[in-house]
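If you use my numbering, the sequence shown corresponds to residues 862 to 1235, in order. Even glycine gets a Cβ: it sits at the ideal position worked out from N, Cα and C. Keep in mind it's a predicted model, so treat the numbers as computed, not measured.
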Amino acid sequence: MDILAVFNAKGGVGKTTTAVNLAACFAAMGQKVLLIDLDAQGNATTGLGMSELPPRGTFDIITGNATLEEVRLSTFMEGLTLIGATNNLAAVDIELSKADRRHDLIRQVVSAHKDTIDIVVMDCPPSFGVMTINALVSAHAVLVPSPPTPFAHDGLLRTWTIISRMRTTMNHSLRVIGVLPNFLHGGESKEDADAVTTACDADILSAMKAEFGDLVHPEGIPLNTELFTSAASKGVPACVLAPDSAPGRAYLDVAGRIIPAEGSAGTDEHAKERSRFRCFGQNGRPDALVINAAAEKLARWHIKADALGLLSRNINIPGVDENALGMIRPKAIADDGASQKVRYYTLALAFIGVTLLAGVIGFLAGWFFVDKLP
């Protein structure tokens, strides 16, 4: 079993999208994959077709309130299972901060299921809390997605510092297997206005490659706004929604480059903790036959998802909560008999008020002019 953490300390960098699509691609390549949603937002959970967060999930296995098998959910993709986020997951840091909690609880929980799980993919929170510490201590390897933008690049450098500190203090065998540039312009139809952004992409990509060398994926994940938006709204990985798209093929390439090598990592106890995941720089482009076979399976899953009605729904576009809106917006006055009477009384009082005011003004004016007469 190999455990991969998808982590970046900055939010909005495509971390969940990466985790969901890589998990699907690994499964399409014949691996038995478990995706664990560690982010309280639960986007990885709904990104695999769940219409709502489950009643039990990650929080329960970490706190010991349930076993892995009790909360493990099947997906429409054979070989890919899920432990979903729950509504109470945001409070898990409190539980993990207790002195008697181990920092490698996740590895401890999944290690008993080596016969049914080949790869564990963890979608980490976009912050550095106790949950993230547990994920990085439990992981064999970490993949860092990062768009080539100035703010994201700053987050990448901070993330690298965090991972380096974890390697020297709490998980000496943790390996960074790659930095994945994503949201790259050029993967969708472009307008002239994109030229400046593309130039900025190129500059920051050059900086990333100078800093991290061959750990940076050579091509990255191209941007396709329409595809990623549609995939998120339907709760289906982009690589399943459009297997032959540029992003779909790119995720297959990433999975093919880092998929664990065949065979044992070693026989001694220390070797058993080493990752069999391969770094981007260790291998060239994956075998075309492997990629094409996986793409065919993704295409079959697309047909299956369509047959199940998954592609005709928008589970992640929430409806308007009229009860909540009613608490904050002004209510219109009902047009009933009572309101009509109120209107008549108001008009009558206004007329009387105007009449009295006119009378007072007339009286004062008359008194003033009479007083001035000789």
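Residue 1120 and residue 1137 have their C-alpha atoms roughly 8 Å apart. With a threshold of 16 other beta carbon atoms within 10 Å, residue 892 meets it and is buried. Here the alpha carbons of residue 987 and residue 872 stand approximately 5 Å from one another.
From the listed residues 1008, 1068, 945, the smallest Cα separation to residue 983 is found for 945.
When the five nearest sequence neighbours on each side are left out, the beta carbons in the same chain lying within less than 6 Å of the beta carbon of residue 1103 are those of 1088, 1109, in order along the chain.
Distance between residue 971 and residue 932, taken at the CA atoms: about 12 Å. Rounded to whole angstroms, the Cβ separation of residue 875 and residue 1044 is 6 Å, and the two are in contact under 8 Å.
Per the C-alpha coordinates, the member of 1175, 1083, 923 positioned closest to residue 955 is 923. In terms of Cα proximity to residue 1034, the closest of 864, 1209, 1107, 901 is 864. Burial state of residue 900 is buried, judged by a 10 Å Cβ sphere holding 16 or more other Cβ atoms. Taken atom to atom, the span from the alpha-carbon of residue 1165 to that of residue 993 is near 35 Å. Per the Cβ contact rule, the segment 880 to 890 is in contact with the segment 1143 to 1158 (3 or more Cβ pairs under 8 Å).
With fewer than 16 other Cβ atoms inside 10 Å of its own Cβ, residue 990 counts as exposed. Beta-bridge partners assigned by DSSP to residue 923: none are found.
Taking the Cα positions, residue 950 is about 20 Å away from residue 878. Residue 981 is a Cβ neighbour of residue 895, given a cutoff of 9 Å. A straight-line Cα-Cα distance of about 43 Å links residue 1026 and residue 1172. Assignment of beta-bridge partners to residue 984 by DSSP yields 867, 898. Taking the Cα positions, residue 1156 is about 37 Å away from residue 964.
For the set 920, 1076, 999, 906, the Cα lying nearest the Cα of residue 935 is the one of 906. Looking at the DSSP output, residue 1007 bridges to 1042. Using a Cβ distance threshold of 9 Å, residue 1001 and residue 930 do not count as a contacting pair. Taking all protein chains in view, the Cβ of residue 1168 is surrounded by fewer than 16 other Cβ atoms within 10 Å, so the residue is classified as exposed. Judged by DSSP secondary structure, residue 944 falls within the beta strand (DSSP E) whose first and last residues are 941 to 944. Straight-line measurement puts the Cα of residue 862 at about 25 Å from the Cα of residue 911. Secondary structure of residue 914 (DSSP, three-state): coil.
Around the Cβ of residue 1213, a 10 Å sphere holds fewer than 16 other Cβ atoms; the residue is exposed. For residue 1111, the closest of 886, 998, 977 by C-alpha to C-alpha distance is 886. Straight through space, the alpha carbons of residue 866 and residue 1097 are spaced by roughly 21 Å. Counted as a single uninterrupted DSSP element, the alpha helix (DSSP H) harbouring residue 1166 occupies residues 1149 to 1168. In this model, residue 968 and residue 1062 are separated by some 37 Å (Cα to Cα).
Annotation for residue 969: the continuous alpha helix (DSSP H) segment containing it runs 966 to 971. According to the DSSP secondary-structure assignment, residue 1002 is paired through a beta bridge with 865, 1036. Residue 1082 is not a Cβ neighbour of residue 1037, given a cutoff of 9 Å.
In the three-state reduction of the DSSP assignment, residue 1121 falls in the coil class.
Take the alpha-carbon of residue 947 and the one of residue 1210: they are about 59 Å apart.
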